[in-house]
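Undergrad: Please see the structure below; I have some questions.
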Amino acid sequence: MRNPRKKKQTGETMRMLFLVTQVGLCMISAIAVGGLLGYGADRLFGTSPILLFVGFVLGIAAGFRSTWSLLRKYVEDPTEEPEKTEAEKLREEQLRKTEEEFRRWKEQKGNDDGR
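The end of the sequence shown is residue 114 by numbering that gives the first Met the number 0, with every number in the run present.
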């Protein structure tokens with residue numbers, strides 16, 4: 000029989016491996032796309048390395064931004080429930096009241112049948 004603790008550790012290890020892979024791919028792809036767009040714009044407009052440099056800088060910024068948003072998802076506690084809106088709270092309260100009324104009706108109906 001497998002140890003549940005070991006299974007959880009393996010899952011966490013795989014999760015972190017996927018995270019590292021995604022972070023690397025986000026950074027590399029953003030920089031590559033920015034550089035390629037800058038290179039293409041340089042060739043199109045005849046401005047030597049200026050737009051290539053601008054493309055790399057924008058690619059680095061985009062890579063950091065996408066990495067930050069990706070890491071924020073993983074840092075948030077998945078076991079913590081998100082804050083409920085007022086509408087959700089109201090729906091839950093109405094559902095609870097409806098269930099209570101149904102139980103009372105069912106009990107009353109059961110008492111009426113027994114008479």
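Note that CB positions come from ideal geometry on N, CA and C, so glycine has one too. Computed from a predicted model, the values in this text were never measured in an experiment.
Could you check where the alpha helix (DSSP H) with Leu62 kicks off and where it finishes?
TA: What sits at residue 62 in the sequence shown is Gly, not Leu. 49–74 is the extent of the alpha helix (DSSP H) around Gly62.
Undergrad: So Gly37 and Phe52 are in contact, right, with Cβ under 8 Å, and what is the actual spacing, rounded?
TA: The C-beta distance from Gly37 to Phe52 rounds to 7 Å, short enough to meet the 8 Å contact threshold.
Undergrad: When DSSP labels each residue in this structure, what does Lys7 get in the three-state scheme?
TA: helix
Undergrad: Given a threshold of 16 other Cβ atoms within 10 Å of its Cβ, counted over all protein chains shown, does Gly23 qualify as buried or as exposed?
TA: exposed
Undergrad: Got a sec? Which residues, its chain only, sit under 7 Å from Leu18 by beta carbon, not counting five neighbours each side?
TA: Tyr73
Undergrad: For Arg71 and Gly62, I'd like the C-alpha separation in whole angstroms.
TA: It is roughly 14 Å from the alpha-carbon of Arg71 to the alpha-carbon of Gly62.
Undergrad: Have a look at Ala31 and Thr9 and give me their C-alpha separation to the nearest angstrom.
TA: 33 Å
Undergrad: Return the CA-CA distance between Glu75 and Gln107, expressed in angstroms with no decimal places.
TA: 47 Å
Undergrad: Three-state secondary structure (DSSP) at Thr12?
TA: helix
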